[in-house]
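Trainee: In this note's numbering, the protein residues as written are 213 to 471.
Heads up, the beta-carbon is just placed ideally off N, CA and C, and yes, glycines get one too.
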Ligand code: NAD
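(1) For residue 218, which option in 457, 375, 247 has the closest C-alpha, if you only look at C-alpha atoms?
(2) Which whole-angstrom value is the C-beta distance of residue 389 and residue 300, which I expect to be below 8 Å?
(3) Apart from the five residues just before and just after residue 252, which ones in its own chain have a Cβ nearer than 6 Å to its Cβ?
(4) Give the list of continuous beta strand (DSSP E) stretches no shorter than 3 residues that lie fully inside the stretch 393–442.
(5) Determine which residues share a DSSP beta bridge with residue 224 and list them.
(6) Between the Cα of residue 356 and those of 384, 213, 345, 372, spot the shortest distance and give me the residue it belongs to.
(7) For residue 264, collect the residues of the same chain with a Cβ closer than 7 Å to its Cβ; drop the 5 residues on either side in sequence, then sort them by chain order.
(8) Distance, Cα to Cα, residue 428 vs residue 362?
(9) Taking the C-alpha atoms as reference points, what is the distance between residue 226 and residue 329?
(10) State the beta-bridge partners of residue 356 as determined by DSSP.
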């Protein structure tokens, strides 16, 4: 019997085959989990619908822009009819306008700052609330999100997203406290840099960042996206049943190095 046989999950944040969420989807599916997906807007619909055909079985795909409460409500209504219950929700969503990300935090606009918080941090709260009635039915409900070390220390070039990730990590702890009595765990994976659409397109000096991580990290290399997926597998499964409110670093140890 596979580790996640008979388990059901929903994944927010697949844009294309390079997405961290897609690597997680493949690992979770290989372990036997049945998955549903959402996509942000019509632009990504085709890409996500095509990708999911690579997975065995049926994978429902629903539209969901996480800034829309109506769309969030609709997703969980549909999941209620299609799946009946949920064992895992993966939130792998973040956004800030490139021009906002590029400038120092001190120059960020109110609108840009709030948009980054709304999409990158508040969305976890809204999704966890929406999923609660379905996750409660599981004996091992698990909510996962993706964060980055720029939440803890200043990563030049990360700017207002660092503040949004700090907020996201605090949301993980408060949500873990709120949902613990329902048997639902909430954790974050703090991934080292991975070459994806969001990273390369949004973060100034991303190539330099990759090189710096590889040079400084104890393991002297960058992570493979499959290593993030394996951590997601651990946290989503019974193997992680005692872990909640945690930020698990999958970064080849980069975060332990001072100088
Ligand atoms: P990605 O571009 O593949 O994924 C980002 C996703 O966010 C996309 O699917 C996009 O559609 C979605 N999104 C943005 N705005 C949305 C909205 N309003 N509604 C719904 N979805 C929306 O890039 P990725 O690198 O795989 O990013 C996934 C997560 O991993 C993000 O939270 C990112 O901050 C985090 N992360 C990435 C890295 C890295 O180096 N790539 C490192 C650590 C953490």
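Mentor: Put simply:
(1) Locating residue 218 in the chain shown gives position 6, where the first residue counts as 1. It is 247 whose Cα lies nearest to the Cα of residue 218.
(2) Along the chain shown, one-based indexing puts residue 389 at 177. Along the chain shown, one-based indexing puts residue 300 at 88. The pair is not a contact, with the Cβ atoms about 19 Å apart (cut-off 8 Å).
(3) As a first step, residue 252 is located in the chain shown; it is residue number 40 there, counting from the start. Excluding positions up to five away in sequence, the list reads 277.
(4) 396–403
(5) Counting from one through the chain shown, the residue named residue 224 turns up at place 12. Paired residue(s): 250, 303.
(6) Within the chain shown, the letter at position 144 stands for residue 356. Considering only alpha carbons, the answer is 384.
(7) Position 52 of the chain shown, counted from the start, is the residue given in the question as residue 264. These residues qualify, in order along the chain: 249, 271, 273.
(8) Locating residue 428 in the chain shown gives position 216, where the first residue counts as 1. Locating residue 362 in the chain shown gives position 150, where the first residue counts as 1. If I take the Cα positions, the gap works out to 15 Å.
(9) Within the chain shown, the letter at position 14 stands for residue 226. Within the chain shown, the letter at position 117 stands for residue 329. Roughly 20 Å separates the two Cα atoms.
(10) Taking the chain shown and counting its residues from 1, one reaches residue 356 at position 144. The partner list for residue 356 (beta bridge, DSSP) reads 302, 399.
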